[in-house]
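In my numbering, the protein residues as written are 2 to 328.
For every residue, glycine included, the Cβ atom is placed at its ideal position computed from N, Cα and C.
Computed from a prediction, not measured in an experiment: that's the story for all the values here.
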């Protein structure tokens, strides 16, 4: 059974990719993921906020920064460089030990640091770079055009700065999601991953404070990913990687039928261990065997919007069967 596919221009042995998370932050897990059949690994993201936190924690400066002049800038740069040194060391070690593609991941909020760290990823030997663009459109002073322009400007700047393949990981918070995803796929990037799992926030009513909620995805979240994968997969000019809500091998099959090029998993690995990749691969192969498929291309996109004669099921948002008794 041939489960090989291509992602970001690279041939991978399985469409199942270990997504960026804490489990992809050490070499032991990365080696296990390869051993269990992961097609590629996306390393845990570098977050600009974490670097800034390390700078503040290690400089121990409490007076206004301006009081320290150029010395603070020097110290801050040194701490920042040290903060990311271990990360880029992991990249080099992973490249020396793994045969599967090693994909870096970056999440920034300042334009210049997107570019700075992207260059360092390339220099460290990453096979590709995923831009973790978790930009929440919460600012009421910004229009849809402003938000979309931010994405486009970052992407074009990074494209001009590095030569390795670029993929972007996005959320679903867009006014014109279908149109903008298609436009991004025309921008020269090699892939789009839908959808980013944003930090979940809860309220502690006892202490009347904000707190973190469970941020692992749950099976019911698959349906939104499935819907948009099926709608968009035939309209993209780049690879479409699907994620969020993937719980078992059957979910992997569904997303491939909807047209996904590959599938990223993270929450299911937290719940079941990194060895669960082997279970997902075995389940995919067993389904293909039962259906008589010899390779993924024989069924990929079979239920995507262009080919699905029941496309209205993807487009309707109301519960017609339940409330109107329409069968």
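With 16 other Cβ atoms within 10 Å as the buried cut-off, status of residue i
i, result
"residue 269", "buried"
"residue 139", "exposed"
"residue 115", "buried"
"residue 307", "exposed"
"residue 301", "buried"
"residue 68", "Model confidence at residue 68 stands at a pLDDT of 41, short of 50, so the residue's coordinates are unreliable; what they give is reported in the following sentence. Under this definition residue 68 is an exposed residue."
"residue 293", "exposed"
"residue 260", "buried"
"residue 111", "exposed"
"residue 194", "buried"
6 Å Cβ shell around residue i - same chain, five flanking residues per side excluded
i, result
"residue 160", "189"
"residue 133", "46, 106, 108, 170"
"residue 245", "196, 198, 218, 222, 226"
"residue 286", "2"
Within-9 Å CB hit, residue i to chain B
i, result
"residue 88", "Reference to chain B is not applicable here, since this structure consists of a single protein chain."
Inter-residue CB distance, residue i and residue j (contact presumed, cutoff 8 Å)
i, j, result
"residue 239", "residue 18", "No, residue 239 and residue 18 are not in contact; Cβ-Cβ is about 15 Å, not under 8 Å."
"residue 104", "residue 128", "6 Å"
"residue 43", "residue 14", "Contact flag wrong, Cβ pair sits at about 16 Å."
"residue 262", "residue 4", "At roughly 13 Å, the Cβ-Cβ gap does not stay under 8 Å, so residue 262 and residue 4 are not in contact."
"residue 179", "residue 234", "Incorrect: roughly 11 Å between the Cβ atoms, too far for contact."
Secondary structure of residue i, DSSP reduced to three states
i, result
"residue 261", "coil"
"residue 207", "coil"
"residue 2", "coil"
"residue 216", "coil"
"residue 246", "coil"
"residue 17", "strand"
Heavy atom of the ligand SAM within 8 Å of residue i beta-carbon
i, result
"residue 29", "As far as ligands go, the structure on display features none, and thus does not contain the ligand SAM."
Contacting residues, own chain, Cβ-Cβ under 8 Å from residue i (five flanking each side not counted)
i, result
"residue 85", "47, 52, 118, 121"
"residue 1", "Outside the shown range of the chain, which is 2 to 328, sits residue 1, and nothing can be said about it."
Chain-order list of residues whose beta-carbon lies under 7 Å from that of residue i (same chain, five-residue window excluded)
i, result
"residue 172", "135, 196, 197, 199"
"residue 125", "89, 92, 93"
"residue 181", "149, 175"
Is it a yes or a no for the stretch 201-211 touching the stretch 227-243, going by three-plus beta-carbon pairs under 8 Å?
Output reads no: the stretch 227-243 does not touch the stretch 201-211.
Are three or more beta carbon pairs between the stretch 84-103 and the stretch 26-37 nearer than 8 Å?
Here the stretch 84-103 makes contact with the stretch 26-37; the two share three or more CB pairs at distances below 8 Å.
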